[in-house]
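A.B. asks: Residue numbers (our numbering), protein chains in the order written: chain A, 1 to 132; chain B, 1 to 132; chain C, 1 to 132; chain D, 1 to 132; chain E, 1 to 132; chain F, 1 to 132. All C-beta atoms, glycine included, are put in the ideal place defined by N, C-alpha and C. For reference, the structure I am asking about is given below.
Protein chains: 6
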Amino acid sequence: MATLGLIEYEAASAGVRAVYDDIMATRGTDWINNFWKALAHDPATLQRTWASIKEIMRPGALDALTKEMIYLAVSASNQCPYCIASHTAAARKAGMTDAMFAELMAVVGMANETNRLVSGYQVEVDERFKCK
Amino acid sequence: MATLGLIEYEAASAGVRAVYDDIMATRGTDWINNFWKALAHDPATLQRTWASIKEIMRPGALDALTKEMIYLAVSASNQCPYCIASHTAAARKAGMTDAMFAELMAVVGMANETNRLVSGYQVEVDERFKCK
Amino acid sequence: MATLGLIEYEAASAGVRAVYDDIMATRGTDWINNFWKALAHDPATLQRTWASIKEIMRPGALDALTKEMIYLAVSASNQCPYCIASHTAAARKAGMTDAMFAELMAVVGMANETNRLVSGYQVEVDERFKCK
Amino acid sequence: MATLGLIEYEAASAGVRAVYDDIMATRGTDWINNFWKALAHDPATLQRTWASIKEIMRPGALDALTKEMIYLAVSASNQCPYCIASHTAAARKAGMTDAMFAELMAVVGMANETNRLVSGYQVEVDERFKCK
Amino acid sequence: MATLGLIEYEAASAGVRAVYDDIMATRGTDWINNFWKALAHDPATLQRTWASIKEIMRPGALDALTKEMIYLAVSASNQCPYCIASHTAAARKAGMTDAMFAELMAVVGMANETNRLVSGYQVEVDERFKCK
Amino acid sequence: MATLGLIEYEAASAGVRAVYDDIMATRGTDWINNFWKALAHDPATLQRTWASIKEIMRPGALDALTKEMIYLAVSASNQCPYCIASHTAAARKAGMTDAMFAELMAVVGMANETNRLVSGYQVEVDERFKCK
């Protein structure tokens, strides 16, 4: 189980419940996943992390699906099992098809390969790529 | 300079030139960036890597811009300076605006933060997130 | 199970037992955790790794608790499940409270976020930060 | 230069200036480092990131120096040159001596070594380390 | 189970079966490991990945055992459980003894330690190490 | 320059000089690279790190060239510029040809790609790969 355990809704303080309620309302679900229940032991971090994610993942110049796929791409690249599982579910809910998932993973794999080839070959940045 | 140096078009073998030509034709440019010139010392890897990237980055279930942004997201997460510079340029060419870039980076930053919070708190994957 | 298996005290050579004995004496415990039992297949690495850890984790300019928390911070950042579990236990034994753990994780998460924002935005090091 | 350039105080909007002012007041300095000037192109991320760092780095269960050293430890482990330079400066300002820096780095190095030994040897988590 | 599930030989398309057949023939085995069964949902990625690995892992300037050990070294450094398990098996099949494995891990651990010491101490590259 | 600066032979204490002398004698060179000069501010870490590297890199079940290539593979995978530069030089001195370097990098790139494909697809370890 999580280091500090999980705080269920029933056992949560009013402040934690308010965050849980906002998570469920924002996501249109009736449950809270373990990540938030684990963070709830530190209400300040729970509140700040949720507020940040809510703001960042809101559709803007990028739509919700693209943002979820980027989140999943980073999590797969970092090899974080929990994050891969949860953001695969979130991306699917936002519309990611199996074909989109497969192409996403192909890009993630390729980027990880060429990142190391570039580093290993000690390739210098082209002048044209440098920011003025 | 790169470990094995860079092979310019003029000095390249016919096989390497064929790859260079295909890169320029596919990308609609008249120059080759250093990454390919460094890889050209190993024609098999040059050929294979380019063929893979060409296939993977071709619009499919995901459009070209989304793919370039995912490539940039992974490169930023891996902190690869060359790849960040080159794929920022490529994503911009594919249509990424400053606002899109900023939102992309916000997601990358957040994903890296929560990946570690999840790991540090030893959070178990929720049953609902597990693949059947 | 571990790649080469685990070597229990009873089955260990005299040299390995000497390391086990020193681990237990130094830590004030009566058991050996799996990491050492796995390394015991390579007595030279077992001996060298333990000697290094013993020297590094000894209170000096930094106290034992601070050192254990740094070890945990790096392990959480690297997302190493075994290391997170073992160094959470070690840090607690050294005095880490739940509140300290939570603040530690908040810093680890934040550092991982800003590390990528800095890289992604290609921020140059300020002159004032450079070592003379 | 940074991808989107740097926004100096004189050229900043009122909202960005307010963040800059708070950074300088909180840190007791009269200048803004490049990280914030780069983020200023995205005022929402600038504001959110600064608010998070301000809250997280405030002395609490852990003192300011310990927090800065943990930030530096993670940045060194992630090999982020900008972050290492800036947080080395910040940690020194908070009281880190050369001896403390050296011990910090020794722990960071060791943790990175054993994280991989554990993974490579496929060591299972001891029952005693598992959270109830 | 894997995100998209596993495709067994019996349920596979002719194109996927052709890859499976080539994997088994090349490796001299009569079974397919889960990685390929998971990738089979994306036949293009399955085909491209297998063709790349087959080409890369073929003995050349480096023999098969050395290549498998390098693959394992990277996987251990990246802390990828599946890859560590599968490439430990592959390296053993190619001739890796327990003593070789132990020395391999010792190098991987040490490299991860000094990579961070170098970064943390902000050591500049010696002139003699720079490529002309 | 390095965080704590570099300690040249002339300015070094007797203990540090002894390590420098052993490095030069062991490697058959007449100079010390910056890494050691930076670590010299912490004689205990200098001594311990050198002793560990000397022991680990000594030919055993694996020859010196293989060990240097593994060190380089990990450094390229970790994207550590100093380590890539120094261990490329060391591997070449030990006999690495350009063709060997190119194959080494191809394996490093591929391993980084498949490590993420495996993680992203959430592939479970095959029973046959599990250690008994």
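Hey, how far is the Cα of TYR9 of chain F from the Cα of GLN79 of chain E?
C.D. replies: Position 9 of the sixth sequence, counting from 1, holds the residue named residue 9 of chain F. Position 79 of the fifth sequence, counting from 1, holds the residue named residue 79 of chain E. One C-alpha to the other measures close to 39 angstroms.
A.B. asks: Would you say the stretch 67-85 of chain A touches the stretch 36-50 of chain B, given that touching needs at least three Cβ pairs under 8 angstroms?
C.D. replies: In short, these stretches do not touch, since the Cβ pair count stays below three.
A.B. asks: Which residues bound the alpha helix (DSSP H) around LEU6 of chain E?
C.D. replies: By one-based count along the fifth sequence, residue 6 of chain E stands at place 6. First-last for LEU6 of chain E: undefined, no H or E at that position.
A.B. asks: Run the CB neighbour count on SER52 of chain D, radius 10 Å, all protein chains shown included, and call it buried at 16 or more, exposed below.
C.D. replies: As a first step, residue 52 of chain D must be located in the fourth sequence, where it is residue number 52. It counts as buried.
A.B. asks: Quick one: any contact between the stretch 59-72 of chain D and the stretch 24-40 of chain D, if contact means 3 or more CB pairs under 8 angstroms?
C.D. replies: Segments in contact, no.
A.B. asks: Check each residue of the stretch 78-92 of chain B: if its Cβ is closer than 7 angstroms to any Cβ of chain D, include it; give the result in chain order.
C.D. replies: So the close ones are GLN79, THR88.
A.B. asks: On the three-state DSSP scale, how would you describe ASP98 of chain A?
C.D. replies: For the purposes of this step, residue 98 of chain A is taken as residue 98 along the first sequence, with counting starting at 1. In this structure, ASP98 of chain A counts as helix in the three-state DSSP scheme.
A.B. asks: Over the uninterrupted alpha helix (DSSP H) stretch that includes ALA76 of chain C, give me the two end residues.
C.D. replies: Here residue 76 of chain C refers to the residue found at position 76 of the third sequence. Run containing ALA76 of chain C: 64-78, per the alpha helix (DSSP H) assignment.
A.B. asks: Could you check whether the Cβ of LEU62 of chain D sits closer than 8 angstroms to any Cβ belonging to chain B?
C.D. replies: In the fourth sequence, residue 62 of chain D corresponds to position 62, counting from 1. No, LEU62 of chain D lies away from the interface with chain B (no Cβ there is under 8 angstroms from its Cβ).
A.B. asks: Give me, in chain order, the residues of the same chain whose beta-carbon lies closer than 8 angstroms to that of ASP30 of chain E; leave out the 5 immediate sequence neighbours on both sides.
C.D. replies: As a position in the fifth sequence, residue 30 of chain E is number 30, starting the count at 1. Here the set comprises MET24.
A.B. asks: Any beta carbon of chain C sitting closer than 8 angstroms to that of PHE101 of chain E?
C.D. replies: Taking the fifth sequence and counting its residues from 1, the one referred to as residue 101 of chain E is at position 101. Yes, PHE101 of chain E counts as interfacial toward chain C.
A.B. asks: Please report whether the beta-carbon of LEU4 of chain F lies at a distance below 8 angstroms from any beta-carbon of chain D.
C.D. replies: Here residue 4 of chain F refers to the residue found at position 4 when the sixth sequence is read from its first residue. Yes, because at least one Cβ of chain D sits closer than 8 angstroms to the Cβ of LEU4 of chain F.
A.B. asks: Would you say TYR82 of chain B and VAL125 of chain A are within 8 angstroms of each other, going by their C-beta atoms?
C.D. replies: Position 82 of the second sequence, counted from the start, is the residue given in the question as residue 82 of chain B. Position 125 of the first sequence, counted from the start, is the residue given in the question as residue 125 of chain A. Cβ atoms of TYR82 of chain B and VAL125 of chain A: closer than 8 angstroms.
A.B. asks: DSSP on ASP21 of chain D, reduced to helix/strand/coil?
C.D. replies: The sequence position of residue 21 of chain D within the fourth sequence is 21, counting from 1. Reduced to three states, the DSSP call for ASP21 of chain D is helix.
A.B. asks: Measure the alpha-carbon distance for ALA94 of chain B versus MET105 of chain A and round it to whole angstroms.
C.D. replies: The residue given as residue 94 of chain B occupies position 94 in the second sequence. The residue given as residue 105 of chain A occupies position 105 in the first sequence. Whole-angstrom Cα-Cα distance: 20 angstroms.
A.B. asks: For GLU103 of chain B, count the other beta carbons within 10 Å of its own beta carbon; 16 or more makes it buried, fewer makes it exposed. Which is it?
C.D. replies: Counting from 1 along the second sequence, the entry for residue 103 of chain B is found at position 103. Buried is the call here.
A.B. asks: Strictly below 8 angstroms CB to CB, what residues from chain C border GLU113 of chain B?
C.D. replies: Taking the second sequence and counting its residues from 1, the one referred to as residue 113 of chain B is at position 113. Chain C residues near GLU113 of chain B: GLY109, MET110, ASN112, GLU113.
A.B. asks: What does the alpha-carbon distance come out to for the pair LYS37 of chain C and THR66 of chain D?
C.D. replies: Indexing the third sequence from 1 puts residue 37 of chain C at position 37. Indexing the fourth sequence from 1 puts residue 66 of chain D at position 66. Going by the C-alpha atoms only, they are around 33 angstroms apart.
A.B. asks: Report yes if the C-beta distance between GLU113 of chain D and MET110 of chain E is below 8 angstroms; otherwise report no.
C.D. replies: Translated into positions along the fourth sequence, residue 113 of chain D becomes position 113. Translated into positions along the fifth sequence, residue 110 of chain E becomes position 110. Yes; because the gap between Cβ atoms is below 8 angstroms, this pair is in contact.
A.B. asks: Counting only beta-carbon atoms, is GLN122 of chain A nearer than 8 angstroms to chain F?
C.D. replies: For the purposes of this step, residue 122 of chain A is taken as the residue at position 122 of the first sequence. Chain F contact via Cβ: present.
A.B. asks: Contact check, ALA91 of chain D vs MET100 of chain C under 8 angstroms by CB: the rounded distance?
C.D. replies: Looking up residue 91 of chain D in the fourth sequence gives position 91. Looking up residue 100 of chain C in the third sequence gives position 100. ALA91 of chain D to MET100 of chain C, Cβ: 18 angstroms. No contact.
A.B. asks: Excluding five sequence neighbours on each side, which residues of the same chain lie with their C-beta closer than 7 angstroms to the C-beta of ALA139 of chain A?
C.D. replies: Nothing about residue 139 of chain A can be reported from this structure: the residues present for chain A run from 1 to 132 only.
A.B. asks: Using 8 angstroms for Cβ pairs, my map puts SER86 of chain B next to PHE129 of chain B. What's the rounded Cβ distance?
C.D. replies: Position 86 of the second sequence, counting from 1, holds the residue named residue 86 of chain B. Position 129 of the second sequence, counting from 1, holds the residue named residue 129 of chain B. Between PHE129 of chain B and SER86 of chain B the Cβ distance is about 35 angstroms, and since that is not below 8 angstroms, they are no contact.
A.B. asks: Compare the C-beta of ALA12 of chain D with all C-beta atoms of chain F and state if any pair is closer than 8 angstroms.
C.D. replies: Start at 1 with the first residue of the fourth sequence, and residue 12 of chain D comes out as number 12. By this cut-off, ALA12 of chain D is not an interface position.
A.B. asks: Any C-beta of chain B sitting closer than 8 angstroms to the C-beta of ALA76 of chain C?
C.D. replies: The residue labelled residue 76 of chain C in the question sits at position 76 within the third sequence. Yes, its Cβ sits closer than 8 angstroms to a Cβ of chain B.
A.B. asks: Taking the C-alpha atoms as reference points, what is the distance between VAL108 of chain C and LEU117 of chain B?
C.D. replies: Residue 108 of chain C sits at position 108 when you count from the first residue of the third sequence. Residue 117 of chain B sits at position 117 when you count from the first residue of the second sequence. Near 8 angstroms, if we compare the C-alpha coordinates of LEU117 of chain B and VAL108 of chain C.
A.B. asks: Assign MET96 of chain F to one of two classes, buried (16 or more other C-beta atoms within 10 Å of its C-beta) or exposed (fewer than that).
C.D. replies: Numbered from 1 along the sixth sequence, position 96 holds the residue referred to as residue 96 of chain F. The residue is buried, with at least 16 neighbouring Cβ atoms inside 10 Å.
A.B. asks: Hey, ALA2 of chain A and VAL123 of chain B are a contact pair by Cβ (cut 8 angstroms); roughly how many whole angstroms apart?
C.D. replies: Stepping through the first sequence from its first residue, residue 2 of chain A is reached at position 2. Stepping through the second sequence from its first residue, residue 123 of chain B is reached at position 123. Right, their Cβ atoms sit about 5 angstroms apart.
A.B. asks: State the start and end residues of the unbroken alpha helix (DSSP H) segment that holds PHE35 of chain B.
C.D. replies: In the second sequence, counting from the first residue as 1, residue 35 of chain B sits at position 35. Note, PHE35 of chain B: alpha helix (DSSP H), 34-39.
A.B. asks: LEU65 of chain D CB to nearest chain E CB: under 8 angstroms?
C.D. replies: Counting from one through the fourth sequence, the residue named residue 65 of chain D turns up at place 65. So no, LEU65 of chain D is outside the interface.
A.B. asks: Cα separation between TRP50 of chain E and ASN33 of chain B?
C.D. replies: The residue you call residue 50 of chain E lines up with position 50 of the fifth sequence. The residue you call residue 33 of chain B lines up with position 33 of the second sequence. Each residue's alpha carbon lies about 28 angstroms from the other.
A.B. asks: For the alpha helix (DSSP H) that ALA89 of chain D lies in, which residues bound it at each end?
C.D. replies: The residue labelled residue 89 of chain D in the question sits at position 89 within the fourth sequence. Start and end: 81-93.
A.B. asks: Which word fits ALA14 of chain B, buried or exposed, when buried means at least 16 other C-beta atoms lie within 10 angstroms of its C-beta?
C.D. replies: Reading the second sequence from its first residue, position 14 is the one you call residue 14 of chain B. ALA14 of chain B should be labelled exposed.
A.B. asks: In terms of alpha-carbon separation, which member of C:GLY5, C:CYS131, C:ASP22, C:SER119 lies closest to THR88 of chain D?
C.D. replies: For the purposes of this step, residue 88 of chain D is identified with residue 88 of the fourth sequence, where counting begins at 1. With distances taken between Cα atoms, THR88 of chain D lies closest to C:CYS131.
A.B. asks: Alpha carbon to alpha carbon, how far is GLU127 of chain F from PRO59 of chain F? Give it in angstroms, no decimals.
C.D. replies: To locate residue 59 of chain F, count along the sixth sequence from 1; it is residue 59. To locate residue 127 of chain F, count along the sixth sequence from 1; it is residue 127. Their Cα atoms are separated by approximately 34 angstroms.
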